[in-house]
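Read the structure below first, then the notes.
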Ligand SMILES: Cc1ncc(C[n+]2csc(CCOP(=O)(O)OP(=O)(O)O)c2C)c(N)n1
Ligand SMILES: Cc1ncc(C[n+]2csc(CCOP(=O)(O)OP(=O)(O)O)c2C)c(N)n1
Ligand code: SF4
Ligand code: SF4
Ligand SMILES: [Mg+2]
Ligand SMILES: [Mg+2]
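What follows is the structure in structure tokens.
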């Protein structure tokens, strides 16, 4: 007896908007877009129940190409905006995304604080080591001493380590994907969406226009003597980033430390899930605080003309 | 033959302003203030060559009580402001300080990016787990589920781990002190100032007015069966946070991982130096980029009426 | 003998409990049918700096404070003589000189105060505060802990006051006890005892009957409440159905959010303490787009971080948020706990480019309620951010008002796409193309009718909004210029149409907001002098007008309330027909004056301005107006008034 | 035959190199003594969207663009016919209809364009771009790589143009070669060859002599440069001694910072790329306080994050920074790469409270230089932030100007405490106390004379500043209200004195800034119509005035430049004596109009406004003014002009 795959309601096409795409030819963002659409399709999510939020940058245009509710917000502010939306309507799957400048530079404060808030949503960072839309300046992930073709001088600040940052900030799901492997990426995105809590997916993204250091060829290891890819999959190595007993503080710390150490591996670069722990989310905590939220999105609770008589009485 | 201590030019009094201090009686900030003054005196720094920068909060008032150049800036902006000052005049010792809300909350983006910038200055965070000056709301270091007396409900966001954050952000000196041990703290501050690069000192600070969880008694372990302090000194345990060969990436990663693991130890809490690595600073890199900066503070370079003829020629 | 008209003040170091004392006193008066107007002045400091609380009591409605004090209670010496002896540049000279002749001062006999010879016109009532506390503690076997219970001084102060005015002690006892419930009731009892002992001490040691001030309950009692502005604003948010409030702590706005936070459990309101104000505003915008009524509260320094988000909300036509922006002393960090009407110009043009938003400045607590309630309606009806502009004074004054008419409560949610109907064709966006008969891409008019367009070019600028999650209501949204479907465009035609769509809302708002919520002309139509002002000076000006009326002077008062869109025509008409204009503002530059000049061309040269961080007293306004009637200063010369002696 | 007067345009997808083509062409003309005015329009996109570059050439000075094109070079079909066929709402309709009769279009014969019947008034020059490129490549043995070298199309376009106008090819070859130095010189050669082949192709295949436009070098050569606004601004910063520049990338401001960054090595200028604009402004404030001349550059969305820091600088009386704030299309993210004069109101009241700052809006490249240079002087003389307000158009236009008079270069650093002398007693702060004879704390007047006070209450509001590190010059500084020694105070007297000190600087500035840098009345004194405008419309209006003068119409032009403090009296006088006023602005609401109404009471009802993200063309202004002379529209009715057809 064979198990039949459940019939899907939606096809990939149902997640594609018909807007003309204006990314540069060969941009890694295409792969990320596909990864998102594949993930939505794999999860068979109703496009009317999905909202995609983005910051500003080349990456910021992504929501326009996804058929779902789409919000193209401000540079660096996608996390608070998406958080507000998610808290207002937990009936909608919220995906936030943006550039590495957007998220780790101007948005660094929100990146950090969203980790410790642990709201249930997935956050994808298009990590191309450049500010794409403003023509190729160094982004916060470019390491000290590196110089892409549009920079007048080498970077003199150190690059950020997003994985280690996310661990310290308290993200409960931390993974890395690669834009040019959309299927593998889709698998990660599915896990990130399914994860209950704040999920970071740092996506290594090529920018053929400005980033001449980390090109497809570079990732492929075309320049290496053995032409071996500069990426490898954590899954293939038996690495286990998942905290199995979330009440065990020791295990949590050990898994965090493991993820941090992993995150400093440079060549080859691990992709896959670095760390995961299903801890109480912000919403879980909220439901304890506000009983009416149990089982109901905030937007569906009738709060008009609240009874404030007791409050008025106390003011006598 | 005994070695004589060099004669100091300045006494402790030379670092004290005569302004009336308006912190609450018993506030831990007094200890931090003393720690700073002791450190300056130990280093025998000329008060005219020291500039203390602060954010806004109870802690923000500190510069007014130190006799040195004092800048009480904006909430959350002390790091960029101090950075600008330091880059403009490297002839002045720059100390930045502020509250935990100031630094890890509203200032989180600057906290992160100052790490990777690695400008040569010391940054002290008065970590009292509350927003003192605005009357005791939870600060970013208060952990999930905790509640101080002025909060209507328990904290529902997780507390930040400043040490782990600093490691990930790239600080090259990371330490923790305790406000009520000003001498030990002064020792750390001296090291932080002497360190070439971005130095974070997270200072556990009591706030007798609003924080009824982490009081002097709590740190002292007065409630514990064995009345053992909830703090211990890393120095006393043989812990070595210093990277001895900064060209060895492996050692750096190992020491970082060690610091991260240490930072999750909760009770007792380690104080002392968690991590240190003397890597090239931002200023080192700048001197390579701008030859005139070698040996001269920016402010002393004559840049008026620059010769722009070559530029004009190119515009013909 | 002065009955039921009292100006009382308690002063002492920040953190010494003067608030409790003053507020219990106020409540005890209010509950007994008296009207109360109380206001506090304090430093941006947690403990130790001088603060004071005034409570003015009367049978009549009160809307301002007076400078002269009838009874001063001093917990420390500084309250009496100021800090000139220990500050390089003195901050104040104490309140002794503010006591009216015939008045009195109750003070702690421990503080080392010697009544000065030159104030033989007032009475001095030294009370051994610590002794009284010790006695109260002895009764519960804690006689040795008096110094630990210094906070009881404020209760002692209260008891002493009541004895002096011969006010029934029981009312106060009830108020105190009602504040210490459950396991804290023991402390309540202790407080009552301390107060009573002080009461007895004063009655026994001084000739109270000879003291010329008397308070007694007012039998004619209306259903009133005693509330602070931030509480009224919070109530309005609750009643209007605000479901989502974000905040980052900041004086004087925090109190509102903390109040809401305390009630979030039973009121099903989500209050999020954010990492900063950038997060606060953006979360609120995100929530508004999802269809909940969302809000945030802040003051100047926080608003400086929100301006980016205001533009975001306006550009994406978010149905909100509502921002209560409490003005305080500026610029920059400024005077965090002090009063100023200094942010009007800032909030009127708070970000790059031209975009629509609403700014309204309530003048009193009742208007706070109405404007905040309306703000949520407007945010959704017009799909834009709405700023309500109170100030520190409105937030913190503690005053009796008639119980709110909670019937003023109509909820209007504007055009909503429900999924059952489609956007009307006229609102589809194709009209742009039809207008000139140009059909791009070979499309026929009417094509795509059965499709929802979030930014359809409707006649009045408002397109039906859809709540994400609604089937068929899918849309895109961007802070870039966009098409009706919310995709980026840089086309000249669409840009122009969209600018007109958005900016056109301002006309719609002018037509929709009731006139009497836009401005109000108070006082006689044939006034010889018209005061022009806004916001929280309203009550003070109205009180001053009464005093002027007693002089036989006819004064009217144009209160500007809706600041954007500004009712320019009506205001101009009123101004041009006024005999003489005087601008009254609590800021340096006369910000409303500038707005009026811009909107109407009328420049008001005669100005009474104050910018020392304190609100006008009734006396200051009365004096300024009397000066005008006395022909000083010349009309059209600038008169800047301040507390400076 | 039209000689040395040409309006040329090249259009194609973003990223196809049209910039290079246009700029080489412009340079080749400029070097040969012709005047050039070139401007670009492009999307906020890296590759693919339609962009175009206009180059206008003449023997006379040029200050604007014209709508009609003489030669259009089209790299793609969209450049000719627009995108109505593939966009739901078209962005544009192509440039074919903009070509003047008698003009011509050079296009790539590959793009599938069919000359339409209704444009028989112009000539069509199809050129096989790829063929030309292939030929050039064949010469270097790369004939099979033509598609990889598509970027050479822009060089082909250039060569074709030159042939058509019979311009000497050598000049262009020189320019190309000068841009490819060192190891890139091979590519330079390739470019020259491709251009030459295209040149030959056109000369050989078409009757160029019959084409009515001719370009030739102008023998009378002045020392001129061809530059963009951002380059001139960068030069001014370098000459003025700016030592510290911070930035965060944003259109259209980034170019300035990148330019400076490229030269930081030899110019000893520190350029810091920050994590955001909050960091940018605060770093710049920190650096200014240390005594270096510091600056930052941004546009609307970035400035929205800087407002907090502006208040900080003003409150702490930092001697800077200078902020070059490049306006672009708003609101919010808006139209990132387009033109708008939409941020005037925002930058005039950019934060909470009343505080002094300077805002100046240069009208052309020469004024950019002067105003930016002056800005550094003012920042230090008056100790406050200075905002210079150019826009996308000024930043990006590429135009010939007379070589800058680098003698306009006086550096003024204001009052500085050097440690050798002490602060004069009168500036000590004690004067406050002396004024009324009150001596707090028993201090005697004159006490503490030998002490430096950073915020001493000086007569003109400016106290000598000290550079941290200076012995004896130690000071404190806070964003709270403060004493002369920079410690926090909330005292009424000191607060009032400090507000007056700070705000008083505005008067000083009005008196100090030369009148002709504040505003300028261009044109005849007895004009029948006076245009009122500001910023980058200056050149366009001046050009239009010439056209009107040819009609015999007398038009003058009041250019407002110093926006804060605003020269209200002078402007009012000019406006009140004008016969008829027309306001010209590139924004929706008429922002200068509002400022003028506020400052002078004069409301200008007749308005020519444009807010579609494109600058006015000369033709638009000419048409608008002609309409006024023709009696349409009625005086004092609003006329909004846009590109909308
Ligand atoms: C407040 C603000 N500052 C600057 C900008 C200009 N800006 C637009 S996109 C961008 C950077 C984009 O880089 P990144 O976030 O890495 O995204 P990418 O384009 O690489 O996908 C910047 C700085 C802006 N829109 N808003
Ligand atoms: C932009 C801005 N938001 C809010 C405030 C109000 N504020 C003043 S101090 C403070 C928090 C202080 O907490 P912390 O930084 O932990 O310092 P502490 O008082 O505990 O030393 C806040 C929120 C402000 N000054 N500026
Ligand atoms: S610039 Fe880079 S990131 Fe942006 S669209 Fe082009 S390739 Fe992609
Ligand atoms: S509130 Fe807390 S942190 Fe602030 S001064 Fe008082 S004790 Fe110190
Ligand atoms: Mg990027
Ligand atoms: Mg704190």
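Chains as they are written, first to last, in the working numbering: chain C, 1 to 316; chain R, 317 to 632; chain F, 633 to 1277; chain Z, 1278 to 1922. Ideal Cβ positions, reconstructed from N, Cα and C, are used throughout, including at glycine.
*Would you say the beta carbon of residue 678 of chain F comes nearer than 7 angstroms to a heavy atom of ligand 4?*
Residue 678 of chain F Cβ: within cutoff of ligand 4.
*Select from F:847, F:1225, F:1115 the residue whose C-alpha is nearest the C-alpha of residue 799 of chain F.*
Minimum Cα distance to residue 799 of chain F is reached at F:847.
*Thinking C-alpha only, which one of F:1140, F:1113, F:1142, F:1139 is nearest residue 1128 of chain F?*
Residue F:1113 is the option with its Cα nearest to residue 1128 of chain F.
_Beta-carbon gap between residue 373 of chain R and residue 431 of chain R smaller than 8 angstroms_ = Contact check for residue 373 of chain R against residue 431 of chain R fails: the beta carbons are separated by 8 angstroms or more.
*If you draw a straight line from the C-alpha of residue 1384 of chain Z to the C-alpha of residue 1865 of chain Z, how long is it?*
The alpha-carbon atoms of residue 1384 of chain Z and residue 1865 of chain Z are separated by roughly 37 angstroms.
_residue 39 of chain C versus residue 190 of chain C: straight-line alpha-carbon distance, rounded_ = Whole-angstrom Cα-Cα distance: 5 angstroms.
*Identify the contact partners of residue 468 of chain R in chain F, using a Cβ-Cβ distance below 8 angstroms as the criterion.*
Residues of chain F passing the Cβ test: 890, 893, 894.
*Between Z:1614, Z:1905, Z:1545, which lies nearest to residue 602 of chain R when the distance is taken from Cα to Cα?*
For the residues Z:1614, Z:1905, Z:1545, the minimum Cα distance to residue 602 of chain R belongs to Z:1545.
*Going along chain F, which residues have a C-beta under 7 angstroms from residue 170 of chain C?*
Contacts between residue 170 of chain C and chain F, judged by CB atoms closer than 7 angstroms, are missing: the closest CB pair is about 13 angstroms apart.
*Along the beta strand (DSSP E) that carries residue 1217 of chain F, what are the first and last residues, could you check?*
For residue 1217 of chain F, the uninterrupted beta strand (DSSP E) segment begins and ends at 1213-1217.
*Whose C-beta lies closer than 6 angstroms to the C-beta of residue 1517 of chain Z among residues of the same chain, with five residues either side of it excluded?*
By the criterion of a C-beta distance shorter than 6 angstroms, residue 1517 of chain Z is surrounded in its chain by 1650, 1653, once the five residues flanking it on both sides are discounted.
*Which chain Z residues sit within Cβ distance under 9 angstroms of residue 22 of chain C?*
For the C-beta of residue 22 of chain C, the chain Z residues within less than 9 angstroms are, from N- to C-terminus, 1291, 1320, 1322, 1323, 1324, 1325, 1326.
_Let me see if you follow: with CB-CB separation under 8 angstroms, is residue 710 of chain F close to chain Z or not?_
So no, residue 710 of chain F is outside the interface.
_Less than 8 angstroms between the beta carbons of residue 768 of chain F and residue 825 of chain F, yes or no?_
In terms of Cβ geometry, residue 768 of chain F and residue 825 of chain F form a close pair [threshold 8 angstroms].
_Heavy atom of ligand 2 within 7 angstroms of residue 374 of chain R beta-carbon_ = Checking every heavy atom of ligand 2 against the Cβ of residue 374 of chain R, one is found closer than 7 angstroms.
*asked:* Using 8 angstroms as the threshold, is the C-beta distance between residue 267 of chain R and residue 410 of chain R below it?
replied: This structure leaves residue 267 of chain R out entirely; chain R is present only between 317 and 632.
*Alpha carbon to alpha carbon, how far is residue 1678 of chain Z from residue 76 of chain C?*
Straight-line Cα distance between these residues: approximately 40 angstroms.
*When the Cα of residue 1202 of chain F is compared with those of F:1188, F:1148, F:1240, F:1211, which residue comes out closest?*
The residue with the shortest Cα to Cα distance from residue 1202 of chain F is F:1148.
*Minimum Cβ-Cβ distance from residue 73 of chain C to chain F less than 8 angstroms*: Yes, its Cβ sits closer than 8 angstroms to a Cβ of chain F.
*If you drop the 5 nearest sequence neighbours on each side, which residues of the same chain put their C-beta closer than 6 angstroms to that of residue 1566 of chain Z?*
Apart from sequence neighbours up to five positions away, the residues of its chain that approach residue 1566 of chain Z with a beta-carbon distance below 6 angstroms are 1595, ordered along the chain.
*Straight-line Cα distance separating residue 1599 of chain Z from residue 1143 of chain F*: Going by C-alpha positions, residue 1143 of chain F is about 43 angstroms away from residue 1599 of chain Z.
*asked:* Distance cutoff 8 angstroms, beta carbons only. Does residue 651 of chain F sit that close to anything in chain C?
replied: Under the Cβ criterion of 8 angstroms, residue 651 of chain F is not counted among the residues facing chain C.
*Please go through the same chain and pick out, in chain order, the residues whose beta-carbon is closer than 6 angstroms to the beta-carbon of residue 525 of chain R, but skip the five residues on each side of it.*
Excluding sequence neighbours, residue 525 of chain R sits near 340.
*asked:* Can you find the residues in the same chain that come closer than 6 angstroms, C-beta to C-beta, to residue 260 of chain C, ignoring five residues on each side of it along the sequence?
replied: Excluding residues within five positions, the ones whose Cβ falls inside 6 angstroms are 164, 167.
*Please specify which runs of the alpha helix (DSSP H), each continuous and at least 4 residues long, are wholly inside the region 539-570 of chain R, giving them in chain order.*
You should have found no qualifying run.
*Could you check if residue 1040 of chain F is buried or exposed, using at least 16 other CB atoms within 10 Å of its CB as the buried criterion?*
Residue 1040 of chain F should be labelled exposed.
*What residues in its chain sit with their C-beta under 7 angstroms from that of residue 1198 of chain F, if we drop five residues either side in the sequence?*
Cβ within range, chain order: 1227, 1231.
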